[in-house]
Amino acid sequence: MPASDIGIDLGTRNSIVYSTGKGLVLREPSVVVYDKDTEKIRAIGEEARQMTEHLNSNMEIIWPIRQGVIVDYTVMEKMLKYFISRAMGRRAFRKPRISICVPSGITEIERKAVEEAAYQAGAREVFLVEKPMAAAIGAGIDITKPFGNLIVNIGAGTTDVAVLSIAGVVISSSVKVAGDNFNQAIMTYVREKHNLFISEEIAENIKIKIGTACEEADPRTMDVKGRNVNTGLPKTTTLTSEEIREALKDATGQIVETVHSVLEKTPPELAADIMDRGIVLTGGGALLHGMDQLIEQRTGVHTVTVQDAMMVVAVGTGKYAEEIAGL
114 MPASDIGIDL
124 GTRNSIVYST
134 GKGLVLREPS
144 VVVYDKDTEK
154 IRAIGEEARQ
164 MTEHLNSNME
174 IIWPIRQGVI
184 VDYTVMEKML
194 KYFISRAMGR
204 RAFRKPRISI
214 CVPSGITEIE
224 RKAVEEAAYQ
234 AGAREVFLVE
244 KPMAAAIGAG
254 IDITKPFGNL
264 IVNIGAGTTD
274 VAVLSIAGVV
284 ISSSVKVAGD
294 NFNQAIMTYV
304 REKHNLFISE
314 EIAENIKIKI
324 GTACEEADPR
334 TMDVKGRNVN
344 TGLPKTTTLT
354 SEEIREALKD
364 ATGQIVETVH
374 SVLEKTPPEL
384 AADIMDRGIV
394 LTGGGALLHG
404 MDQLIEQRTG
414 VHTVTVQDAM
424 MVVAVGTGKY
434 AEEIAGL
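With positions in the sequence shown counted from 1, the corresponding number in our numbering is that position plus 113.
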């Protein structure tokens, strides 16, 4: 097995790259800064993210993946090439085999576009792996066994829910509700209920510090600075975790509903396995406080969030080449 094999979790917000020889080698925002005057890309990844606050009018910020869907193939291909070359380093004598993680709802045209981009970027061989499959492998689940496993991967743009057995997806569903929707819901709530404009970065911070999917016995509070909707002047307000739960109720409810519908369609023998083995949560969105609790309450199935929830998809994508595709 050559050490240069690469697994890429091409995410809506962040792209994470895993090398079978070195482990996790890269984690950068999936963003590009484009110069409209020269028609060239000025920066990619972290460098582009740092530039976003100081752009002039001839610069454009492009997020080539939205809600798990590639919306700008040309930019995505260049971004992918950049991440691959960074991951390979200079001493790559041989083209790598590359596994790329894609949402389970991806169309055939989108699959072809991702494969083509990876070959253009210098892949010797390309494997596409669905997010729940990669998440399960990264979480250390032996998916080659004839047991039913229910994986819920909550990313930034999509939530992918799938029942896996014998190295295949038995039933799956993907919903375009995830971490970014949580942020938008918080921004909308704060604007409507507190007359306060806040940035997405502040919303993300609120989500991490006091965000919750479940009622808490002792609600937490947080002071938040923003701009008064009416006066345009700076203003500070205090938010509670109960308010944030209320703000997120629609989004978290849709995720639970998706899990519920997949469970309803699961064959009885696999459903029995899931009752025994529980539901496994992965992805950055799974880190929302009480998300596992909410799913457990609504489905009656024991639910657990894996360690390193944000990284398991990239790890599983990298290992996919070794474990499943390594023929």
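The beta carbon of each residue, even a glycine, is placed where N, CA and C say it ideally should be.
These numbers come from a predicted model, not from an experiment.
Query, Result
"Residue 422 versus residue 345 - alpha carbon distance", "39 Å"
"Alpha carbon of residue 326 to alpha carbon of residue 363, nearest angstrom", "10 Å"
"Sub-8 Å separation of residue 123 and residue 178 beta-carbons", "yes"
"Residues near residue 116 in its chain [Cβ-Cβ closer than 8 Å; skip 5 each side]", "Note on residue 116: pLDDT 49, under 50, position unreliable in the model; no value is reported."
"Residue 281 versus residue 167: straight-line alpha-carbon distance, rounded", "46 Å"
"Closest residue to residue 226 among 308, 185 and 397 (Cα-Cα distance)", "185"
"Contact belief for residue 279 with residue 259 at Cβ below 8 Å, rounded distance in angstroms", "5 Å"
"Check whether residue 365 and residue 247 have beta carbons under 8 Å apart", "no"
"Cβ shell of residue 140 (< 7 Å), same chain only, five flanking positions each side left out", "127 and 129"
"Boundaries of the beta strand (DSSP E) in which residue 127 is found, first to last residue", "127 to 132"
"Beta-carbon spacing of residue 353, residue 336 below 8 Å", "no"
"Start-end ranges of the beta strand (DSSP E) lying completely within the stretch 192 to 265, minimum 3 residues", "210 to 215 and 238 to 243"
"Contact set for residue 333: own chain, Cβ-Cβ below 6 Å, skip 5 residues either direction", "323 and 354"
"Nonlocal neighbours in the same chain, by C-beta distance under 6 Å from residue 307, ignoring five residues either side", "350"
"Entirely enclosed alpha helix (DSSP H) segments - the stretch 270 to 307, minimum 4 residues", "292 to 307"
"Endpoints, beta strand (DSSP E) assigned at residue 431", "Element bounds for residue 431: not the beta strand (DSSP E) but the alpha helix (DSSP H), 425 to 436."
"Alpha carbon of residue 425 to alpha carbon of residue 151, nearest angstrom", "39 Å"
"Where residue 337 falls: helix, strand or coil (DSSP)", "strand"
"The stretch 190 to 199 contacting the stretch 294 to 302, beta-carbon criterion three pairs below 8 Å", "no"
"Contact the stretch 227 to 240 vs the stretch 258 to 274: 3+ CB pairs below 8 Å", "no"
"Where residue 380 falls, given that 16 or more other Cβ within 10 Å makes a residue buried", "exposed"
"Whole-angstrom C-beta distance between residue 417 and residue 391, which should lie under 8 Å", "6 Å"
"First and last residue of the uninterrupted alpha helix (DSSP H) at residue 371", "354 to 378"
"Outcome for residue 347 when other beta-carbon atoms lying within 10 angstroms are tallied against a minimum of 16", "exposed"
"Given residue 321 as reference, the closest of 403, 288 and 394 once Cα atoms are compared", "403"
"Pick from 224, 286, 305 and 270 that is closest to residue 295, judged by C-alpha positions", "270"
"Chain-order list of residues whose beta-carbon lies under 6 Å from that of residue 266 (same chain, five-residue window excluded)", "244, 245, 248, 273, 395 and 396"
"Sequence-distant residues of its chain with Cβ nearer than 6 Å to residue 399 (five each side left out)", "267, 418 and 422"
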